Amino acid sequence: MAFGTRTGGAASSTSYTAIGGTSSSSRRPTTAPQKKIKKEGAAWAQEGPDGFRSNWNGPAFGCHHTSQSRGVAILFRQTADTSAVTVRHSSATGRTLLVDFAFGGHSYTVASVYAPAVAAERPAYFMQELLPSLPADRSLLVGGDFNCIAGQHDMLDAAGQPGQRTQGYWTGLRHVETDFQLHDVWRDLNADGRASTHIATSGQSAARLDRWLISEHLRARVSAESQATGQVIGYPGDHLGVSLCLTAPRSTCSGAAA
Numbered sequence: 001m002a003f004g005t006r007t008g009g010a011a012s013s014t015s016y017t018a019i020g021g022t023s024s025s026s027r028r029p030t031t032a033p034q035k036k037i038k039k040e041g042a043a044w045a046q047e048g049p050d051g052f053r054s055n056w057n058g059p060a061f062g063c064h065h066t067s068q069s070r071g072v073a074i075l076f077r078q079t080a081d082t083s084a085v086t087v088r089h090s091s092a093t094g095r096t097l098l099v100d101f102a103f104g105g106h107s108y109t110v111a112s113v114y115a116p117a118v119a120a121e122r123p124a125y126f127m128q129e130l131l132p133s134l135p136a137d138r139s140l141l142v143g144g145d146f147n148c149i150a151g152q153h154d155m156l157d158a159a160g161q162p163g164q165r166t167q168g169y170w171t172g173l174r175h176v177e178t179d180f181q182l183h184d185v186w187r188d189l190n191a192d193g194r195a196s197t198h199i200a201t202s203g204q205s206a207a208r209l210d211r212w213l214i215s216e217h218l219r220a221r222v223s224a225e226s227q228a229t230g231q232v233i234g235y236p237g238d239h240l241g242v243s244l245c246l247t248a249p250r251s252t253c254s255g256a257a258a
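According to the working numbering, the sequence shown is numbered sequentially starting from 1.
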């Protein structure tokens, strides 16, 4: 995911992009995607190996299960208009990373999430790891590879069968969304739409596994730009990136345009 500021018109905008599935050597971040990320202010990645910091010149945070398995990261551009950037939670499982920061006089917590691919493990992950790690008194931006969907409407093919993809949503992630009043940004703007961020290994289905969940009060700040929230190509990995752009009054966002 990427965070940055752009100035123009009556308001500034803050943009984010989620990048998933960078675990294998052929999918590790390279120069090209880094140049793309640097147009923003920070980046979040899931399913990535350790060692990403060596190619990044700004504040970088990550956690991983082993040097080559699982792993999530949050990287801030050196010139990002953020302050008080600190790690709130870094899981030993390599699946959850939370970073606090201040922006425009407000307090935020961002989370990079990589939920288990094994369906039976997802409810416990959401209820026992992700839910208790989130703070109740800060604006939340939770993004990543959730590895589950709410139902058939989150699949690209209207005739597709969700199968085990729903396991862990209604018995786990849905409770996180409800307890913290988190909203699926893309679904908010596309009530009847279909999209996908990942194609199953079998090639038989495509689903929207990667998404942004934001606090209730941030919904009004989602940009009206056509690409404010959507799927993004051009990053390494077997998942599409997911963009999010939030607007803010010019007075709360200063600095050079990205």
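Glycine included, every Cβ here is placed at the ideal spot set by N, Cα and C. Here the structure is a predicted model, which means the values were calculated and not measured.
Classify residue i as buried or exposed, calling it buried when 16 or more other Cβ atoms lie within 10 Å of its own Cβ.
i	result
E129	buried
D188	exposed
A73	buried
T109	buried
A80	buried
V142	buried
S196	buried
A159	exposed
Measure from the alpha carbon of residue i to the alpha carbon of each residue in the options, then state which is nearest.
i	options	result
P135	D179, A92, A158, M155	D179
E216	E177, T96, A60	E177
L209	D192, V242, L218	V242
A92	G160, S133, G151	S133
Q167	M155, D192, C148, G193	C148
S205	L131, V113, R165	R165
Grab me the residues of residue i's own chain with a C-beta within less than 6 Å of its C-beta, minus the 5 sequence neighbours each way, in chain order.
i	result
G94	C63, H64, H65, R70, G71
D100	T86, R88, T109
A115	R122, Y125, F146, N147
R264	With the chain represented from 1 up to 258, any question about residue 264 goes unanswered, as that position is not in the structure.
Taking the straight line between their C-alpha atoms, what separation do you get for residue i and residue j?
i	j	result
A117	R77	30 Å
I199	N190	20 Å
G104	L182	21 Å
D145	R211	7 Å
F61	V85	10 Å
S202	L213	28 Å
F126	G58	30 Å
L240	D137	31 Å
S83	D157	43 Å
L97	A111	6 Å
H175	G163	20 Å
S139	H153	28 Å
G151	Q161	9 Å
M155	V113	20 Å
A102	D192	35 Å
For residue i, collect the residues of the same chain with a Cβ closer than 8 Å to its Cβ; drop the 5 residues on either side in sequence, then sort them by chain order.
i	result
V185	R211, W212, L213, I214, R219, V222, T229, L244
Can you list, in chain order, the residues of its chain whose CB lies under 7 Å from that of residue i, leaving out five sequence neighbours each side?
i	result
S90	C63, L97
L131	H175, V176, D179
Is the region 106–122 touching the region 160–173, taking contact as three or more C-beta pairs under 8 Å?
yes
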